[in-house]
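Engineer: The listed protein sequences derive, respectively, from chains A and B. If you read the first sequence in our numbering, its first letter stands for residue 225, the second for the next number, and so on. If you read the second sequence in our numbering, its first letter stands for residue 1195, the second for the next number, and so on. Before we start, here is the structure in question, set down as structure tokens.
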Amino acid sequence: MIKNLLCADFLKIKRKGFWFLTFLGPFGVVALQMVNYGVRKDYLLQQSNDEWGYYILNVSTFTPLALVLGVVILTSFMTSVENETNAWKQLIAFPVTKISVYLSKLTVLALLLFISSFLLMLFTLGFGMILELQGQIPYGKLLKHSFYPYFAVTPVLALQLWIAIVSKNQGVPIAVGVLGVILTYSAYLLPDWMIWKWPSLINEWDEPLINVLLGVGVGSLLYIIGMFDFVRRDVK
Amino acid sequence: MEYILETKELTKRFGKEEAVSKLDMKIKKGEIYGFLGPNGAGKTTTIRILLGLMKPTSGSIRIFQENLDTERISILKRVGSLVENPSYYPHLTAYENLEASRKILEVPKARIQEVLNIVGLSDVTNKKVKGFSLGMKQRLGIANSLMNNPELLILDEPTNGLDPSGIIEIRNLINRLANEAGITILISSHLLSEVDQLATTVGIINKGKLIFQDSIDVMRRYAQQSISIKVNDSEKARNMLFSNGIKTNYENGRILLPELADMEIAEAIRILVESGVSIYRVEEEKRSLEEIFLQMTREEEDD
């Protein structure tokens, strides 16, 4: 059942700009460094002996912001596909469970974001090579900075999806989303327990893995709560 | 008698308001069941409950002799539905819209072209639904509801907002589906005239309560006839009839005779002619089903 729903959901996101956004996010993040290094490459290279490490760190400054922004826009798009003509009633009158409908939506979003993260890795690597940075390419660090934020953003994804699906007024998820983006932007100032801080991989113990594990854990919890809320509610 | 769809004391409450109240709906196999009621009577709520979109506050629903609460998936595999305004994905073509449903329903690809032919949309297969007229969207909705070869088709106001030719088109389509494919159809409407020529059974709902449920012929029997007579001297005519034991009513300058046998009417006219009253017109007045429907819903309100 879930496989069929996924196929249908991937068909429904055609021509809606989903794939373009999936590409634009990581491209934008790396493009900012293209500008940065284009303008003051010599200065930046002087900042650290570890040219690759410093470069990846620069790239990852904007990763959380792009990721949270992507989550907000994609979840909102995703629900607008069904909201536009209230296709929920048609979808749920099919022989499918509401649990699988919800899971399918989340899976599509998670896959798109995963592709984004993968593209981010490729673009980072690609531009780094073009810059002809000195030293060994730190693949471990590259992987970490591309995929850790992806896992750490799970709670935001689960929360946004929940709000977007159950809200009658799409202004609500957008408002929460905008607030989330602002919070992500000021991650340095936030306490460790705030989910919007997690994609930045910063914490008191200086151990990014904590954010990843917390993200997946709390994300799953929020996902389950949202799903049961969706199942409980009458369809509009 | 086995019913394809049967509800028992179905009730749905929104806060304090009872949208559907102790509804006992019974639909036999092969019927076209016209589900009638004014706007806001609880038709759509009932249909949403029947499709599992809403949970009833109390009461039970059996479809195909199975409990909807526990066997929802297996029941819905055999049900097609169109609820209120058609739902579609405007950025997709007609074909892609049906393809999205096909993937979920796991029916062969050929079915898409079949249903498009049935509803007469085969020439716009690859056009985006965005540009469709309301009638075309409605037909696409019906095509969608036919994808899984349903045994029971639930259509909520399928002719809402259509022009007269669109209404006739949909009506013919529904007739064909019932007669040729033998599908049992539940069709709701707020206009009796729409289901008058379709339905074999009628259920009338008002303020959440089912106030009538029987064959359309029984409903037609409510359509009492009366004879109206126009004469030059109504006063005299009425007195003459009364003295001969025929009670009449007087309305808008016409004498109204209640339902009488042919011979009694002949008798009444003979009396009038013999008494020298000039008879201008003798007409049969038939109450339309629409009037009965209105009267039924009004009586309920007076209670």
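Even for Gly, the Cβ is constructed at its ideal location relative to N, Cα and C.
Relative to the C-alpha of B/Lys1324, which candidate in A/Thr309, A/Lys368, A/Ala382 has its C-alpha closest?
Structural biologist: Among A/Thr309, A/Lys368, A/Ala382, the Cα nearest to that of B/Lys1324 belongs to A/Thr309.
Engineer: How should B/Glu1225 be labelled, buried or exposed, when 16 other C-beta atoms within 10 angstroms of its C-beta is the threshold for buried?
Structural biologist: B/Glu1225 comes out buried.
Engineer: What residues match up with B/Leu1276 in a beta bridge as DSSP calls it?
Structural biologist: According to DSSP, which records beta bridges pairwise, B/Leu1276 is partnered with B/Leu1349.
Engineer: Apart from the five residues on each side of it in sequence, which residues of its chain come closer than 8 Å, Cβ to Cβ, to B/Lys1430?
Structural biologist: Excluding residues within five positions, the ones whose Cβ falls inside 8 Å are Ser1469, Val1471.
Engineer: Got a sec? Which residues, its chain only, sit under 8 Å from B/Gly1447 by beta carbon, not counting five neighbours each side?
Structural biologist: Lys1424, Ser1428, listed in sequence order.
Engineer: Would B/Gly1253 pass as a contact of B/Lys1322 if the rule is Cβ separation under 7 Å?
Structural biologist: Not a contact, by the Cβ cut-off of 7 Å.
Engineer: Label B/Arg1415 either buried or exposed according to how many other C-beta atoms from any shown protein chain fall within 10 Å of its C-beta, with 16 as the threshold for buried.
Structural biologist: By the neighbour-count rule (16 or more Cβ atoms within 10 Å), B/Arg1415 is not buried but exposed.
Engineer: Beta carbon of B/Thr1264, beta carbon of B/Tyr1289: below 7 Å?
Structural biologist: For B/Thr1264 and B/Tyr1289, no; Cβs fall outside 7 Å.
Engineer: How would you list, in chain order, the residues of chain A whose beta-carbon sits under 7 Å from the beta-carbon of B/Ser1275?
Structural biologist: The contacting residues are Ala317.
Engineer: Less than 7 Å between the beta carbons of B/Ser1382 and B/Glu1351, yes or no?
Structural biologist: For B/Ser1382 and B/Glu1351, yes; Cβs fall inside 7 Å.
Engineer: In terms of DSSP beta bridges, what is B/Val1476 paired with?
Structural biologist: B/Ile1423.
Engineer: Once you ignore the five residues that flank A/Pro288 on each side, which residues in its own chain have a CB closer than 6 Å to its CB?
Structural biologist: Closer than 6 Å at Cβ, skipping near neighbours: Pro373, Thr408, Pro423, Ser424.
Engineer: Which parts of the region 1384 to 1469 of chain B are runs of the beta strand (DSSP E), unbroken and 3 residues or longer, counting only runs that do not cross its ends?
Structural biologist: For the region 1384 to 1469 of chain B, whole beta strand (DSSP E) runs of length 3 or above, ordered along the chain, are 1395 to 1400, 1403 to 1409, 1419 to 1425, 1443 to 1445, 1448 to 1451.
Engineer: In the region 230 to 256 of chain A, which residues sit with their C-beta less than 8 Å from some C-beta in chain B, listed in chain order?
Structural biologist: Residues passing the 8 Å Cβ filter: Cys231, Ala232, Leu235, Lys236, Lys238, Arg239, Lys240.
Engineer: With a cut-off of 7 Å, does the C-beta of B/Ala1304 fall near any C-beta of chain A?
Structural biologist: No - not a single Cβ of chain A is within 7 Å of the one on B/Ala1304.
Engineer: May I ask which residues mark the beginning and end of the beta strand (DSSP E) holding B/Thr1205?
Structural biologist: Element bounds for B/Thr1205: 1197 to 1208.
Engineer: Are the C-beta of A/Asp274 and some C-beta of chain B separated by less than 7 Å?
Structural biologist: No, A/Asp274 lies away from the interface with chain B (no Cβ there is under 7 Å from its Cβ).
Engineer: According to DSSP, simplified to helix, strand and coil, what is A/Leu346?
Structural biologist: Note: A/Leu346 maps to helix in three-state DSSP.
Engineer: So who's on the other strand from A/Ser324, going by DSSP bridges?
Structural biologist: Paired residues: none, contrary to the question.
Engineer: Assign A/Arg457 to buried or exposed, taking buried as 16 or more other Cβ atoms, counted over all protein chains shown, within 10 Å of its Cβ.
Structural biologist: That one is exposed.
Engineer: Does the beta-carbon of B/Phe1258 have 16 or more other beta-carbons within 10 angstroms, so that it is buried, or is it exposed?
Structural biologist: Buried, by the Cβ-count rule.
Engineer: Using only alpha-carbon positions, find the residue among B/Leu1347, B/Glu1478, B/Arg1464, B/Lys1220 that is nearest to B/Val1396.
Structural biologist: Comparing Cα-Cα distances from B/Val1396 to each of B/Leu1347, B/Glu1478, B/Arg1464, B/Lys1220, the minimum goes to B/Lys1220.
Engineer: Going by beta carbon distance, what residues of the same chain come within less than 8 Å of A/Gly359, once the five residues before and after it are set aside?
Structural biologist: Here the set comprises Asp274, Glu275, Trp276.
Engineer: Give, in chain order, every residue of the region 1199 to 1227 of chain B whose Cβ lies closer than 7 Å to some Cβ of chain A.
Structural biologist: Under the 7 Å Cβ criterion, the region 1199 to 1227 of chain B contributes no residue.
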